[in-house]
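**Student:**
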Amino acid sequence: MNWLARLDVGAEIAHAEGIFDNYRWHKKLWECFPHEPDAKRDFLTRIDTLEGTFRLWIQAQRKPERPHWCPEEGFALKEISPSFLSHRYYAFDLRANPIKALVQRDKSGTALRKPNGKRKRGKRVPLVDPDELRAWLVRKGQVRCRDQATGEDVPGGFRIVEEKPLEISPMVESHFRKKDQRGFHGGVQFRGTLEVTSQKHFIKTYQSGIGSAKSFGFGLFLLAPIIL
1 MNWLARLDVG AEIAHAEGIF DNYRWHKKLW ECFPHEPDAK RDFLTRIDTL
51 EGTFRLWIQA QRKPERPHWC PEEGFALKEI SPSFLSHRYY AFDLRANPIK
101 ALVQRDKSGT ALRKPNGKRK RGKRVPLVDP DELRAWLVRK GQVRCRDQAT
151 GEDVPGGFRI VEEKPLEISP MVESHFRKKD QRGFHGGVQF RGTLEVTSQK
201 HFIKTYQSGI GSAKSFGFGL FLLAPIIL
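Taken in order, the sequence shown gives residues 1 to 228; the numbers are from the working numbering.
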């Protein structure tokens, strides 16, 4: 069972609750699941900043509850029926954190390698080039991630419909403070049309999200079935 919740929270309320960045939202949205405080984080979120308001999305396999700081009129909850995820084509809206890992090199420029022969990865940096961003999303449709237990590729179960426009918004930095450390995530919004190539794998992609920093509001697909 899948649930999609939308919370509209005014900026004044967020300020009163001490919410100033995505890390605070990351912690605060746990309050939508008050009866399972020790559960593993198994839900996706998205944080949209509107004029004077935050619009928050939660996609979960557990039923979210309205927290006390969200007005009743600002809370909407919908159960996602299995038939919703049975379509072939969808218009999608995705905010993700596309990154790449720089290769570590020695002074001569030669790539450093691990004992097993694989190249050492260095600092992770956001992708900003539109062509690289498009290629990143196409790859995620083919391979969403790597199975940590088996090392095998996990298919994303979808492809981008090339005949339809794909809007890619410029990367926006979301800065946060965690304890005494500062950091940021590079958020990119994608809007386009996808075709499901494997329903089984696409459902898992919808539930799990794509890309990194998913607990900070990235990787959640907003979908609308369409007919082509």
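Ideal Cβ positions, reconstructed from N, Cα and C, are used throughout, including at glycine.
Can you find the residues in the same chain that come closer than 6 Å, C-beta to C-beta, to R55, ignoring five residues on each side of it along the sequence?
**Tutor:** Cβ within range, chain order: D8 and D48.
**Student:** Quick one: residues in its chain with C-beta nearer than 7 Å to the C-beta of R41, no 5 flanking neighbours on either side, listed in chain order?
**Tutor:** Once the five neighbours on either side are set aside, the close Cβ partners of R41 are S215.
**Student:** Could you say which of S83, F92, S81 and V125 lies nearest to A101 if we only look at CA atoms?
**Tutor:** Per the Cα distances, V125.
**Student:** I think A135 touches G211, with their Cβ atoms under 8 Å apart; what is that distance to the nearest whole Å?
**Tutor:** A135 to G211, Cβ: 14 Å. No contact.
**Student:** Threshold first: 3 residues or longer. Then list the beta strand (DSSP E) segments lying entirely within the region 178-221, N to C.
**Tutor:** Entirely contained in the region 178-221, the beta strand (DSSP E) runs reaching 3 residues are, in chain order, 181-196.
**Student:** Can S174 and G187 be called in contact, C-beta distance under 7 Å?
**Tutor:** For S174 and G187, yes; Cβs fall inside 7 Å.
**Student:** How would you call L50, buried or exposed, if buried means at least 16 neighbouring beta carbons within 10 angstroms?
**Tutor:** Exposed is the call here.
**Student:** Which whole-angstrom value describes the C-beta separation of E132 and V161, a residue pair presumed to lie in contact below a C-beta threshold of 8 Å?
**Tutor:** Incorrect: roughly 20 Å between the Cβ atoms, too far for contact.
**Student:** Since F221 contacts H185 with CB under 8 Å, what's their CB separation in whole angstroms?
**Tutor:** Not really, about 18 Å apart at Cβ, beyond 8 Å.
**Student:** What does DSSP give as the partner residues of Q148 in its beta bridges?
**Tutor:** Per DSSP, none; premise fails for Q148.
**Student:** Is the closest heavy atom of the ligand COA to the C-beta of A91 under 6 Å?
**Tutor:** The ligand content of the structure shown is nil, which means the ligand COA is not present either.
**Student:** Taking the straight line between their C-alpha atoms, what separation do you get for T53 and S208?
**Tutor:** Approximately 27 Å, taken between the alpha carbons.
**Student:** What is the DSSP secondary structure of G157, reduced to helix, strand or coil?
**Tutor:** Looking at G157 - three-state DSSP - the assignment turns out to be coil, as it is neither helix nor strand.
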